[in-house]
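S.K.: Please read through the structure below; I'll follow up with questions.
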Amino acid sequence: MKKLQAKFYRTQGGIEPAREFLKELDPLDRKTVGADVATVEFGWPVGMPTCRPLGNGLWEVRSRISNGRIVRVIFCIADEAMVLLHGFVKKSQKTPKTDLDLAKSRKKEMEK
127 MKKLQAKFYR
137 TQGGIEPARE
147 FLKELDPLDR
157 KTVGADVATV
167 EFGWPVGMPT
177 CRPLGNGLWE
187 VRSRISNGRI
197 VRVIFCIADE
207 AMVLLHGFVK
217 KSQKTPKTDL
227 DLAKSRKKEM
237 EK
């Protein structure tokens, strides 16, 4: 049984940015990320290497996909659900500030 239900953050215009990001991935890569999200849904709380706290109520699902690439999906917990705020292919050791700030602003928008 799921401990958290994954949901996608939706903009005022009805766009789900994390879903759009996932749809751009190859089917096998999407399946890998989906399995990691499911690990969090069913096993919450989950630690490394699948999930890591980022602070300010944000967490990341950590996935390794084809060609040695790394994907991160940033989420928060709201109404007993895992809300997927933002997804990106990681290109450096540290999470880029722009990606973190975007996830923070989406979380803030949800809290209004």
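Going by our numbering, the sequence shown opens with residue 127, and the numbers climb by one from there. No residue lacks a Cβ here, since even glycine has one placed at the ideal position from N, Cα and C. Quantities reported herein were computed from a predicted structural model and do not represent experimental measurements.
1) Once the 5 residues before and after residue 145 are set aside, which same chain residues still bring their CB inside 6 Å of it?
2) With distances taken from CA atoms, which of 214, 222, 230 is nearest residue 151?
3) Starting from residue 169, trace the alpha helix (DSSP H) in both directions and tell me its first and last residue.
4) With respect to the beta strand (DSSP E) encompassing residue 188, which residues constitute its N-terminal and C-terminal limits?
5) Classify residue 222 as helix, strand or coil using the three-state DSSP reduction.
6) Based on DSSP bridge pairs, tell me the residues matched to residue 143.
7) Assuming residue 130 contacts residue 203 under a Cβ cut-off of 8 Å, what Cβ separation, rounded to an integer in Å, is found between them?
8) Quick check on this structure: which residue in 221, 201, 237 has the alpha carbon closest to the alpha carbon of residue 212?
9) Bridge partners of residue 175, per DSSP?
10) Determine the closest residue to residue 186 out of 220, 137, 142, with distance taken between C-alpha atoms.
11) Tell me the rounded alpha-carbon separation between residue 189 and residue 166.
12) Taking 8 Å as the limit between beta carbons, can you name the residues of its chain near residue 128, skipping five residues before and five after?
M.R.: Judging by the given coordinates:
1) 134
2) 214
3) 153–169
4) 184–190
5) coil
6) DSSP, once it has assigned bridges, lists no residue as partnering residue 143.
7) 7 Å
8) 201
9) Partner(s): none; residue 175 has no beta bridge.
10) 220
11) 12 Å
12) 167, 168
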